[in-house]
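Comments concern the structure below.
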Amino acid sequence: MKNDFIWMAGGPQGSGVDSSANIFARACCYGGLHVYGKREYSSNIKGMHSYFHIRVSPSEVGAIVNRVDLLCTFDAESVVRHIWEVSPGGGIICDTGIIETKISSILSLPFAFIEEWNKSLNERGIHPETVGDLLDEVKKNNVKIYPIPYLEMLKEIGKEIGEQQLSKLTRMINVLSLGASFGLANYDKEYVEKAINMIFGKKPKIISMNLLALNKAYDYTRKNFADAGINLKTLRTDEQRIFLQGTQAVALGKLAGGCRVQTYYPITPAADESEYIEENQVFEITGSNKTGGILVVQTEDEIAAITMATGSALTGARSATSTSGPGFSLMAEGLGWAGINEVPVVINYYQRGGPSTGLPTRHGQDDLRFAIHASHGEFPRIIVCSGDIEECFYDAARAFNYAERYQTPVIHLIDKALANSNKSYKIFDLTLVKIERGELLTEADVAGKNYRRFEFTDSGISPRLPIGTPGAVFWNTGDEHNELGHVTEESMMRTRMHEKRMRKLETADREIQEKERVNFFGDEDAPMTIVSWGSPKGAILEAMEMLRKDGFRMNFVQVRIPHPLPKKYIEKILGNSSKKIVVEGNYSAQLAGIIREETGILMDYFILKWNGRPMSADEVYEALLNIVQNRAQTRQVLTGGA
Amino acid sequence: MALKLSDYRTQVFNDWCPGCGNFGILTSLQMALVDLALQPSRVVILSGIGCHGKTPHFVNAYGVHTLHGRALPFAIGIKLANPELEVIVHGGDGDGLGIGAGHFVNTGRRNLDMTYIIHDNGVYGLTKGQASPTLKLGVKTKAMPKPNINEGVNPIALGLAAGFTFIARSYCYDVGHLKETIKMAVKHKGMALVIVQQWCPTYNDINTKGWYNGEDRIDPVTGKPIPRLYKLEESGYDGVVHKPEEVIPKTVAALTRAFEWGDKIPIGVFYQNELLSTYQERISQRITTYPGTPPAKEIIADNMGEPATSIKKMLDELKVTG
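Just so you know, the sequences run in chain order A and B.
376 is the number that our numbering gives to position 376 of the first sequence; each next residue is one higher, with no gaps.
1320 is the number that our numbering gives to position 320 of the second sequence; each next residue is one higher, with no gaps.
Given below as structure tokens:
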């Protein structure tokens, strides 16, 4: 494992798990450290358990590992939920007030959890009644317990600021636990204060209350647990870094990419993106003192979201909508209309566990095939899959180029693990964002000519004119149509027009560069090849590094555009491989199926996961190790993550 | 040069049934465009699916024949991205009030400056005569196996509740009235709804031309039919809101008239309120550059493909070091 430190905050939803994690992560970033954070929450507003996993390292990290070095709990449930994840030598911060709490009295623990819990206790041969009993058990594994008198501290703070109402004070439990965390690590408090100022923004009263809470808990742990031995040292760096989550990266990419109309219907985890865009909807125009703007329209449903974005795209404005699986299901018909009308519309599709509402707040990679096949009939489309937050940015911008060049819908597949993870990065390189508008005509190009919107061409691409251009008219219809866009059912016209549209996919396949379609990692001559797509990238890369240290070499093809599939490339790499391994976050190994369908190549091993939690580096490592040591089943199912 | 009716016609063969009410609506629309002197390339005609759906193909203007029930959100997308365009949306009664009812309601809430014309004939013509959402309870048109088991929705009342700021009804056979109504709707600042009572000579054998004309009701004195339709403006009705305090009383008055049906069916303007801000005005308050450079007009890159949008401010906010 890397020289890293893993911190986790857990508590009921609404208790500030998110803000404490954000403060923790930022304070670490300010101190020159790299951070990767993963957020897990329930489909619930208040009360259900949520947690935030933060991995801090001197160098960049792209995945989580299933281990906790310091567990920072706000309530008894968080102790019970995560206690077995704490590594030997690690620590647990908890409220002194929960030590006597009976585990059976924690009513929010779901039945399925209790069943598993009892089983694990039986296996361990222990029978703790209270949280305190439980904590005593892990002390045997050299886990240190740091009880903090939250209530007393809150009362003291209340006295100092003249606040009697306990309910207003309990909101600061999260910051007390932060103070305790940083106190144990003896971390430079200045960075934490800076983070608190940043997170609580323009609310000076809340900032001062929280700074008080921070100091109280920090000083308490310094005094009572001075030698905790937690390794969290600041580093000097001159690098310009940003810290952001996936939805923000997508939003930034879309803005830089020239998106001017964004429609959406609220859905987890996509809605964060649209809200972030709306907050920043007025922006500067580079090299001028002017501003520009992007419209953000919250629609009545996803049917309106896709059709409205399509309408805007017809006028020449770069337009997009952002959704998740259930929303995309509703968009299917609209997608087909954009397909037959050759409209460049972009759909940023955040997958989560399905089918139906499925796991509304949890991760999944189940929708690759759906993205490729959604809507009846046949039409070309391009699917772009991002593997990390940085790729989310560049892909979101580039998706519009594909959409406009090939005049067809582009689906940018993202997933919950990317949407709600946050990570520190070297600041994005804006010079890598280029805007290519394809064959876009203006008034001058069509003056005096009889413009045909769906003109037959060799490439299948008919030069596009925005609706409303003076001096011309054309028609659109969801029916099969002639070159002018009028309805036709004539058999010859149908044959030619359908072929013209489909030909665009071949043109795209020919034109889109390999480097935009696949990433290759590892040694070309390695005997084993991993194939994957989307968010497992980070875990795979780290697992490969671990295996390399063990003396096992492999390479990794990350498919960024699975449709049209870069067949020749995949045939070339997999043709040289003696063990072909696919890694995907779904049950049916969808990418493996597509590769088989398009190339005839069968995978030898399948590493799959669908429990709603992203892949961690250690579980992918274990699975790969099983394969290289010839003791793996063909199909390995990962189940890590609480 | 002044525009003529022929400037708005296309060569596309019109395959509506002989005697279809759509002919009157199409002609009225084209006549209204002539009177309004709108260049074809400034006009976008949209439609959904159903017999009305082919309307754009017969009009020489930008035409967008969309999905069943979805013409409104497509239209909103076009209008928002390029507010200079005159956007006129056609819908059927099944299209707009059945499958597209959600968009109908939410379009009323937004108050974009557009026009929505519903071709209301009480039946689904293109699928051969099933009951549409406006057909009254117990009515059985000729292709229906049984009488209608649902009550018909009242589109005028629904339009009022949804927030359309211009609501009128007209009749497909009164081309002069319909043309003037469409012109008023287009000129209206805000979202206009025009319900056009229309016969379907093939499938609606109840609400026929003769029924609207009152041929079943002969005046014993004159010996002539008593028409069912009457003009609101001729009955001393004024649906226009002139000051804010009139909004509620005029809405109530319109609602009362909206429920007149059967022997007395009002046509004309039920309600008009130009005091409410339009969606475009609301956007302009948030994005001051919107009126001059709406999304369709913004330059998003220079000749080298360098993005015009600066995301520097956002990146600065996300910065943690350096």
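All C-beta atoms in this analysis are idealised placements derived from N, C-alpha and C, irrespective of residue type, glycine included.
Nearest to A:Leu184 by alpha-carbon distance, out of A:Ser208, A:Leu71 and A:Pro204, is A:Leu71. Chain order gives the chain B residues near A:Phe243 as Leu1318 and Val1320, where near means a beta carbon separation below 7 Å. A:Phe283 carries a strand assignment under DSSP once its states are collapsed to helix, strand and coil.
Taking every protein chain shown into account, the CB of A:Phe52 has 16 or more other CB atoms within 10 angstroms, so this residue is buried. B:Ala1037 and A:Ile570 have their C-alpha atoms roughly 59 Å apart. In terms of Cβ geometry, B:Ile1045 and B:Ala1061 form a close pair [threshold 7 Å]. Listed in chain order, the non-local C-beta contacts of B:Phe1259 below 8 Å within the same chain comprise Asn1154 and Ala1157, local neighbours out to five positions each way being set aside. The residues Leu368, Val531, Ser532, Trp533, Val559, Pro562, Val582 and Glu584, in chain order, have a CB closer than 8 Å to that of A:Leu591 in the same chain once the five nearest residues on each side in sequence are set aside. For A:Val261, the number of other beta carbons within 10 angstroms of its own is at least 16, and it is reported as buried. Looking only at A:Gly90, A:Lys159 and A:Glu193, the smallest Cα-Cα distance to A:Val143 is reached by A:Gly90. B:Phe1013 and B:Val1089 have their alpha carbons spaced roughly 21 Å apart. Of the residues A:His498, A:Ile161, A:Leu252 and A:Tyr146, the one whose Cα lies closest to the Cα of A:Asp227 is A:Tyr146. Scanning its chain for C-beta atoms nearer than 8 Å, with the 5 sequence neighbours on each side dropped, one finds around A:His82 the residues Met8, Gly10, Tyr51, Val68, Leu71, Thr73 and Ala642, in chain order. Under the DSSP assignment, A:Gln245 falls in the beta strand (DSSP E) whose first and last residues are Arg241 to Gln245. From the listed residues A:Gly339, A:Glu278, A:Val282 and A:Asn22, the smallest Cα separation to A:Ile306 is found for A:Gly339.
Around the beta-carbon of B:Trp1199, 16 or more other beta-carbon atoms lie within 10 Å, marking it buried. Note on A:Arg613: 16 or more other CB atoms within 10 angstroms of its CB, so buried under the neighbour-count rule. Annotation for B:Pro1225: Asn1213, Gly1214, Glu1215, Arg1217 and Ile1218 place their beta carbon closer than 7 Å to its own, counting only its chain and skipping 5 residues before and after. Excluding the 5 residues flanking it on each side, A:Ser87 has same chain C-beta neighbours closer than 7 Å at Arg67, Val68 and Asp69, in chain order. Here B:Lys1243 is exposed: its Cβ has fewer than 16 other Cβ atoms, across all protein chains shown, within 10 Å.
Boundaries of the beta strand (DSSP E) around B:Ser1047: Val1043 to Ser1047. For B:Gly1292, the closest C-alpha among the options B:Gly1122, B:Lys1231 and B:Pro1083 is that of B:Pro1083.
Contact between the region 458-466 of chain A and the region 1049-1059 of chain B is absent: fewer than 3 CB-CB pairs across the two stretches fall below 8 Å.
In this structure, the CA atom of B:His1119 is about 8 Å from the CA atom of B:Asn1022. According to DSSP, A:Tyr425 shares a beta bridge with A:Ile242. Scanning the region 1139-1220 of chain B from its first residue to its last, the whole beta strand (DSSP E) runs of 3-plus residues come out as 1166-1171 and 1192-1197. Look at A:Asn476: its C-beta is under 7 Å from a C-beta on chain B. Taking the C-beta atoms as reference points, A:Ile98 is found nearer than 7 Å to A:Ala76. Not a single C-beta of chain A is nearer than 7 Å to the C-beta of B:Asn1014. By the Cβ criterion, the region 242-252 of chain A is in contact with the region 1306-1322 of chain B, since at least three pairs of Cβ atoms, one from each stretch, lie closer than 8 Å. Under the Cβ distance rule, B:Gly1102 counts among the residues neighbouring chain A, one pair being separated by less than 7 Å.
Straight-line spacing of the CA atoms in A:Tyr36 and A:Arg55 works out to 5 Å.
The criterion of a C-beta distance shorter than 7 Å is satisfied by B:Gly1239 and B:Phe1270. Counting only Cβ-Cβ distances below 9 Å, A:Gly179 has no contacts in chain B at all, with the closest Cβ about 20 Å away. Between the beta-carbon of A:Cys259 and that of A:Phe393 there is about 13 Å, and that puts the pair past the 8 Å contact cut. Beta-bridge partners of B:His1119 (DSSP): B:Gly1092 and B:Val1196.
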